[in-house]
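S.K.: At position 213 of the sequence shown the residue is numbered 309 (the working numbering), and the sequence of numbers has no breaks.
Where is the CB? At the ideal position from N, CA and C, for every residue including glycine.
None of the values given here were measured: they were computed from a predicted structure.
The structure that follows is given in the form of structure tokens.
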Amino acid sequence: MHRCSFGVRLTALFATLAFVTALLAPPGTRAANKIQIMTATTDLASLAQEVGGDKVDVESIARGYQDPHFVDAKPSFLLKLKRADLLIVVGLELEIGWLPPLINQSTNPKIQVGAPGYFDASRFAKILEIPTGQVTRAEGDVHPLGNPHYWLDPENGLRIAKGIADKLSQMRPDDAAYFAQRYADFELRLKQADQRWLAEMQPYEGRKIVTYHRSWPNFAEHFHLNVVGYVEPRPGIPPSPQHTVELIRQMKQENVKVIVVEPYFDLKTPNAIARETGAQVLVLPPSVGGEKEITDYFKLFDYDISKLKQAFDATH
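If you want it as structure tokens, here you go:
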């Protein structure tokens, strides 16, 4: 009996030691030696998961229903960043208000700006609305390097995924063939899906819309929509009465019947504009996770295109 209880205690001790060892192990040895990836946004997380498969653990800092310009920094983010092998950011100063302090305070040398584990996805994308001349704060939250909402073009999604796949192959050369195959499969599926999305949107080509924020230029260009105005007078600047009156006049003049609003903006002014113009307010998530059913990059476009078609048909 004594020998048995000693064996039980020894087993428990070994289990405890194994647990502590796992906690103290370097990040790269955790989770079957998977690459630990942190991303700024859910869209980048979805793309990283597509090409990384079961060789990576991926987590996003921002949630899909949050405004990615303004994310509350939580202490838990620091621990996750400290363990990360790779940090993927949107760039173009989208995260400038919240991410740099987290990176610095994580004290993780791998993911500091300029380090091998810092991955700026904007370097692989087609960027629109790059300002010419000097940009000042008086113009609102204008991004001096261009519009950072570039993931809303599926072709940019493909470019970013290729960049991530190449990066993962550099980090794990033995798994390069796996990442290349994952990317090839993603490319095939995304191109097929995009053909379907373009066909669905073709009847609405040239349709005029107003959006709250400048989140949609890449989406509008790819799907041939015409964004003619914004509820914000300037990016990040709340709507003023004078601007709202001018926007109502413009919408009446140009017969604009759809106002697209991101989930994190107040609907008071858009609803007032809709009452004056007979337009429909459409809350449209620009990110994966903006609604429960938008669980990946494909479902983001499925959802948004379906909702847009319904709004266009209802207001024709």
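Is the beta carbon of Pro359 less than 8 Å from the beta carbon of Gly386?
M.R.: Taking 8 Å as the Cβ cut-off, Pro359 and Gly386 qualify as a contacting pair.
S.K.: What span of residues does the beta strand (DSSP E) with Val186 cover, start to end?
M.R.: Looking at the DSSP string, Val186 is not in any beta strand (DSSP E), and its letter there is neither H nor E.
S.K.: For the ligand MN, is there a heavy atom less than 7 Å away from the beta-carbon of Met297?
M.R.: For the structure depicted, the ligand MN is absent and the ligand set is empty, with no information on it obtainable.
S.K.: Which same chain residues end up closer than 6 Å to Val152 when comparing Cβ atoms and leaving out the 5 residues on each side of it in sequence?
M.R.: Once the five neighbours on either side are set aside, the close Cβ partners of Val152 are Lys130, Ile131, Ile133.
S.K.: Any idea if Val306 is buried or exposed, counting beta-carbon neighbours within 10 angstroms, 16 or more meaning buried?
M.R.: Buried is the call here.
S.K.: Going by alpha carbons, who is nearest to Asp249 out of Ala276, Phe397, Asp409?
M.R.: Residue Phe397 is the option with its Cα nearest to Asp249.
S.K.: Using DSSP bridges, identify the partner residues of Asp153.
M.R.: DSSP, once it has assigned bridges, lists Gln132 as partnering Asp153.
S.K.: For His412, does the three-state DSSP call read helix, strand or coil?
M.R.: His412 falls in the coil class under three-state DSSP.
S.K.: To the nearest angstrom, report how far apart Val384 and Ser142 are at their CA atoms.
M.R.: C-alpha separation (whole angstroms): 8 Å.
S.K.: Restricting to Cα atoms, I'd like to know which of Arg310, Leu264, Glu296 is closest to Pro244.
M.R.: Among Arg310, Leu264, Glu296, the Cα nearest to that of Pro244 belongs to Arg310.
S.K.: Smallest Cα separation from Arg371: which of Lys348, Thr391, Val379, Val185?
M.R.: It is Lys348.
S.K.: For Leu175, count neighbouring Cβ atoms within 10 angstroms of its own Cβ and tell me buried if that reaches 16, exposed if not.
M.R.: Answer is exposed; the Cβ neighbour count stays below 16.
S.K.: Does Phe319 come out as helix, strand or coil in the three-state DSSP assignment?
M.R.: Reduced to three states, the DSSP call for Phe319 is coil.
S.K.: Could you tell me whether the Cβ atoms of Lys353 and Ala368 are closer together than 8 Å?
M.R.: It is not a contact, given that the beta carbons lie outside the stated cut-off.
S.K.: With distances taken between CB atoms, is the gap from Tyr246 to Ala221 smaller than 8 Å?
M.R.: Yes, Cβ-Cβ distance for Tyr246 and Ala221 is below 8 Å.
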